[in-house]
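Residue numbers (the numbering used here), protein chains in the order written: chain C, 19 to 801; chain Y, 1081 to 1352.
All C-beta atoms in this analysis are idealised placements derived from N, C-alpha and C, irrespective of residue type, glycine included.
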């Protein structure tokens, strides 16, 4: 390992501008003649539209669906059999199906003025019964979100393997569990600045996007433009987590406005819009029965799960990414012989559910891991011993599990054992037995998961969604003075790519990372890519950068061989030099020769120069499997229901870590979000489908005082199929915490007989569970 | 999320502020620290035509010692209490509570008068100032009147403020050397509004016993009869729950949480 290459804890190149407040986000963009946009949004969750009347005084500054005639709706279709299609119009036409749905778009000199215009638009809406409960949404007679479907089910998914063989197991545990609807809360909300470039005859849309090329696909389809007529620029992005991968109706409206009005327009999402109308995610409901032997051996899992998909199928991931994935990922890292799972993606009168860091895995991990602990309590076993009995073992690798997921590598039992050892389980158990002076109850809990990342063509072709990742391309290009430009189609929304891709290039070419510049976030200058999602950027674009740099090294070696008067076979590229037995010449000199002194080159020199664009796929593209064991110690106040995290341990395997410091940052951030899921974050709705939180006063996020500093340990089992052996790790931190914390709380409360099965675990829910346990105990003693 | 267009005045005398409030042609709203009003303006929950900023009025930042009481101007900030720029007359109670209000950024601007007049039941000042027996001084063009803090709040987001009337100051009675206080709030996270508050002041030399269950759905519940909370074996959580129920708190777990918060406030007072 060099000081700057793969594996180095290199300080982030991005930090200088971010720490000085010099980042450039969408809201920092100023264009001459820029006007601000505000939307008229539906105040009702479900209503028939009789009219969106624009007063004469607002004509030319406000537009409704009639004005947007010709613009096509967003259609995020999958080829999965039985999938029902929704059409999300940029401005609603016949019905509104969620609070916050767009009805009109208004343009003012300032946002305040645009909001004044919006307030003057008259709505004629006929309220319809709202579908707000995903469980009841499947009842016959339920109101229908999309009438012509005949029910409220986007998609039903099913898998069964020998489930009947589990039915004679001596231990049978059934639980109903759920995770709340959340709202992703990137520090920077969504935002779009759009204008028409008359010189290029091109719509230029600046939007903080994880997936600029995918936005262009969708925008071209909806606006009826050719792709070369659209340029997407994604500047600095202040967190995305999935929300900024989605094509929003707002983006389409802004594009239309820029073309119609001929001056730049800007929409900067405010927090109320983000919470109530935008970034919703996570809402799952599970009924699980687990079968086991008395020694803790898992015999089978039987599950029915529902995901509240909201009103529309979002682009490009569709409405069924979560529920359909639940079927394939519920077994987690466990090896057991019988399985049945049926899931429904259910339409409701809420915002579309969007993929959020950990997509589906957080709910799955919560459901399965809490059920496993329930088994352990039932048979009186330490939960980690029960897991060790059932985890996939290192000697089974690579391992195809019961749903045919291909586990590439790793040692799951070792991760769990190391985490348990770090948490000093025995000491915690002793403290627990002794009791606390302040009356609080100590609990220890853990969870383990696997995170499939960078899954490619072979996985996504089966989904048939509007986006299937293929070869990931990168460009590497030397500059005349010996620097290096990298161009990638993925985009950083906090992943430190300017640093880590430079490290990858440095590893191959030895060029100082200070001289390596990453070009990304602009469809004009970067190769096509599905973008940054699914923990794929380092595996895929990192692999592509390495491959392109190797090609540049090969090209440089040819020039070097000529300059050194050496045989090409003798030349190696090392530490920024072409080295041969006869001497060495720097890449800088080689670049200078190619660009500035071509007269020094022989006639037959390779015309590719010092530039390469090349595609990359791992040897096998079924995905990398990173994983981690989380162990948490909590103190629960049984009088108030408050929970304090006393200790948090994470042992993680991300394969080769390109920059361990960046990986640690990913884990810290993910953990904070996981703690949010576990204890704080909840988007509640009333029966009419009204969201009950519209500010951070009502939607609680964990802050610095709520997030402990975890104790981390890394394992590096190299991925067998990827460049350097890297695995995707971007999401894992957010997957395990709700399960680990839930298990810790249930461990603390086991003496009382209370059990928490719904996240977030609020003080209220803790008190209700304790109360229910007392009532049950009382009823038991009376009987 | 931008406010409607409004006019803005920042007078330097109370008289000028009161005169502006008389403006019958415009909807007038007073702003002090703006820590609650700011977001409400941005969300257009409040749509004033004239905003009168009273933070430039020196008289409203005044602190006066009358011998028996401390008079603290309406625009004194939470941070002024926290940093002890306000002299301590309550055995450290007000500084101690101020330190836990929201976040430092809020405390730098948020004012005691603004908090009381905004009348959020979950806010800290309404509970602790009720416990220490403070009164608000209300001024209008026609004169001055005083109201006990616990009576000033009529209900959630409603203060006993007549048209044209301005909260000028808070009168805080001085505690004796025998005074003990306790304050416990149950929050889901640091800086969040509380969902239960217990606030206690016991001052034997002055014959004062005041216990408050705050962060209710409405006004704080004040108990000045020790026997209503204490039995032969000390503080009775059950008795406190009954007091809460009698005051209209319908939910069992809510009552229990408030009773526990009050008990912990007493434990803190005892330990002092």
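- Beyond the five residues adjoining it in sequence on each side, residue 305 of chain C comes within less than 6 Å, by CB distance, of 194 and 322 in the same chain, given in chain order.
- Contact annotation: the region 692-707 of chain C touches the region 750-763 of chain C, with at least three C-beta pairs closer than 8 Å.
- In terms of Cβ geometry, residue 138 of chain C and residue 461 of chain C do not form a close pair [threshold 8 Å].
- For residue 1180 of chain Y, no beta strand (DSSP E) run applies, since DSSP gives it neither H nor E.
- In this model, residue 497 of chain C and residue 1271 of chain Y are separated by some 52 Å (Cα to Cα).
- If you compare the alpha carbons of Y/1120, Y/1081 and Y/1280 with that of residue 1338 of chain Y, the shortest gap goes to Y/1280.
- Cβ contact annotation for residue 1232 of chain Y (same chain, cutoff 7 Å, sequence separation greater than five): 1196, 1216, 1239 and 1240, in chain order.
- Neighbours of residue 698 of chain C in chain Y, taken as residues whose beta carbon is under 9 Å from its own, are 1268 and 1269 in chain order.
- The Cβ atoms of residue 549 of chain C and residue 232 of chain C sit closer than 8 Å to each other.
- If the five residues before and after residue 1285 of chain Y are omitted, its C-beta is found closer than 6 Å to the C-beta atoms of 1256 and 1258, all from its own chain and listed in chain order.
- The count of Cβ pairs closer than 8 Å, one atom from the region 239-247 of chain C and one from the region 194-212 of chain C, stays below three, leaving the stretches out of contact.
- Of all residues in the region 109-137 of chain C, those with a C-beta nearer than 9 Å to a C-beta of chain Y are 128, 129, 130, 131, 132, 133, 134 and 137, reading in chain order.
- Counted as a single uninterrupted DSSP element, the beta strand (DSSP E) harbouring residue 175 of chain C occupies residues 171-179.
- The three-state secondary structure of residue 430 of chain C, taken from DSSP, is helix.
- Of the candidates Y/1298, Y/1314, Y/1306 and Y/1340, the residue whose Cα lies closest to the Cα of residue 1327 of chain Y is Y/1298.
- The C-beta of residue 1081 of chain Y comes closer than 8 Å to at least one C-beta of chain C.
- Within the same chain, 207 come within 6 Å of residue 292 of chain C by CB-CB distance, once the 5 residues on both sides are set aside.
- In the structure shown, residue 1316 of chain Y adopts coil according to DSSP, grouped into three states.
- For the set C/735, C/724, C/712 and C/624, the Cα lying nearest the Cα of residue 1124 of chain Y is the one of C/712.
- For the region 400-476 of chain C, the continuous beta strand (DSSP E) assignments of 3+ residues that do not extend past its boundaries occur at 459-471, in sequence order.
- Beta-bridge analysis with DSSP links residue 1152 of chain Y to Y/1143 and Y/1250.
- Using a CB distance below 8 Å, the part of the region 1337-1349 of chain Y facing chain C consists of 1337, 1340 and 1341, ordered along the chain.
- Under the Cβ criterion of 8 Å, residue 1333 of chain Y is counted among the residues facing chain C.
- Within the same chain, and ignoring the five residues on either side of residue 286 of chain C in sequence, the residues whose Cβ sits closer than 6 Å to its Cβ are 45 and 209.
- For residue 602 of chain C, the enclosing beta strand (DSSP E) has its first and last residue at 601-604.
- Counting along the chain, residue 136 of chain C sits inside no beta strand (DSSP E); it lies in the alpha helix (DSSP H) bounded by residues 129-138.
- DSSP places residue 218 of chain C outside both helix and strand once states are collapsed to three, so it counts as coil.
- Residue-level contact check: residue 1216 of chain Y does not touch chain C, since none of the beta carbons of chain C fall below 8 Å from its beta carbon.
- Between residue 198 of chain C and residue 701 of chain C, the beta carbon gap of about 7 Å places them in contact (Cβ cut-off 8 Å).
- In chain order, 1161, 1162, 1164 and 1168 place their CB closer than 7 Å to the CB of residue 1175 of chain Y, counting only its own chain and leaving out the 5 sequence neighbours on each side.
- Residue 1115 of chain Y sits away from residue 1244 of chain Y, with the two beta carbons spaced by 8 Å or more.
- Residue environment for residue 583 of chain C: exposed (fewer than 16 other C-beta atoms within 10 angstroms of its C-beta).
- For residue 42 of chain C, same chain residues with a beta-carbon under 6 Å away, outside a window of 5 residues either side, are 253 and 254 in chain order.
- Between the alpha carbons of residue 492 of chain C and residue 543 of chain C lies a distance of about 11 Å.
- Between the alpha carbons of residue 620 of chain C and residue 602 of chain C lies a distance of about 19 Å.
- The beta-carbon of residue 1123 of chain Y is placed less than 8 Å from the nearest beta-carbon of chain C.
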